[in-house]
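Comments concern the structure below.
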Amino acid sequence: MRAILLAAGIGKRLKPLTDITPKSLIRVGDKTVLERMLDSLIGVGIKDIYVVVGHLKEKIKKNVGRKYSGIQVHYIFNRDYKRGSVLSVWAARRYFDDDMLLMDSDVIFENKILDRLVNSKNENCLLMDKDYGKTGEEMKIAALNKRVVQIARDITVRYDEVGEGVGFLKLSKNYHKELLTVLEGTIADDEDSDYEVALDKLVKRIPVGFEEATGFKWTEIDFKDDIEKAKALNL
């Protein structure tokens, strides 16, 4: 299994901090967010790791290096990193030929969450936290009969379970053509789209299940308050 980490964005909601520090290099405790993610991936046996970079890419490369804990780390440059995150996923398209994890690189989480995703019986799988704060910023996952039916901030379809998405997708290599198709369509519509717009189209074409992250410690770092929230998790 391969991991593709999305670390190209400018982190505009964390400015001016992110003018000099990529969001993935924000330090929480004794390690950066990205270092924590790499440790977690290695801990579940994933050693084929690609990081999509853009904003302050040389700082990320210098911090992590070509090897991390003995594991080679590959970098993919998204020259359009100031535009929608869908272009970061598109930049990694030549590496869709294996089972993969597609991951936001601004998430602090306890390792059990990743273990649950990797070992899920669902070959295509998302993580859902049903105990989420309703601020309007959350990217939600809605499911019906254990199948994900929508990914959006505003859910408009019928569902029987809903929660906030953690920002990680496990996808079987058997569906990489479908992923390419929805990415192409989304980019044709709007190059400034979030990649979740493409994933919303994907879940309507292929079976995607979910595992619950409810009760586990995790947070996404989008705002300054999230940094303190991440530190308070004591992970």
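When the letters of the sequence shown are read in order and numbered with my numbering, they come out as residues 1 to 235.
For glycine and all other residues, C-beta sits at the position ideal for the given N, C-alpha and C.
Since we're looking at a predicted model, the values are computed, not measured.
Q | Residue environment, VAL208, which counts as buried when at least 16 other CB atoms sit within 10 Å | A | buried
Return the residue from the list SER69, LYS62, GLY70, HIS55 that minimises the CA-CA distance to PHE77.
HIS55
Q. In whole angstroms, what separates the C-alpha of PHE210 from that of VAL64?
A. 31 Å
Worksheet item: Just curious, the beta strand (DSSP E) that GLY209 is in, first and last residue?
Response: 209-212
### Query
Ends of the beta strand (DSSP E) at ASP104?
100-104
Query raised in the report: Just curious, the alpha helix (DSSP H) that ILE187 is in, first and last residue?
Result: 176-189
message = Cutting at 8 Å between CB atoms, please list the residues of its own chain near ILE206, excluding the five before and the five after it.
response = ASN124, TYR175, GLU178
* Indicate whether the contact test is met: 3 or more Cβ pairs, each with one atom in the region 86-96 and one in the region 12-25, closer than 8 Å. => no
query: If you draw a straight line from the C-alpha of ILE42 to the C-alpha of ARG27, how long is it?
result: 19 Å
| query | Helix, strand or coil for VAL89 per DSSP? | reply | helix
> Just the Cα atoms here: how many angstroms apart are VAL203 and ASN122?
Replying inline: 13 Å
- Query: Can you give the beta carbon distance from LYS140 to VAL162, rounded, assuming they're within the 8 Å contact cut?
  - Reply: 6 Å
Residue from ARG158, GLY165, MET1 with nearest C-alpha to GLU138:
GLY165
* Assigned secondary structure, ILE76 (DSSP; H/G/I helix, E/B strand, else coil) -> strand
Mind pulling the beta strand (DSSP E) runs of 3 or more residues that sit fully within the region 128-166? 140-144, 147-152
* Give every residue of the same chain whose Cβ lies closer than 7 Å to the Cβ of GLU47, excluding the five residues on either side of it in the sequence, and list them in chain order. => Checking the sequence, you will find Lys at residue 47 rather than Glu. Within the same chain, LYS47 has close Cβ partners ILE71.
Determine the extent of the alpha helix (DSSP H) in which ASP192 is found, giving its start and end residues. Unbroken run through ASP192: none, as it is neither H nor E.
task = Name the two residues that bound the continuous alpha helix (DSSP H) containing LEU242.
result = Because the chain in this structure spans residues 1 to 235, residue 242 falls outside the shown range and cannot be described.
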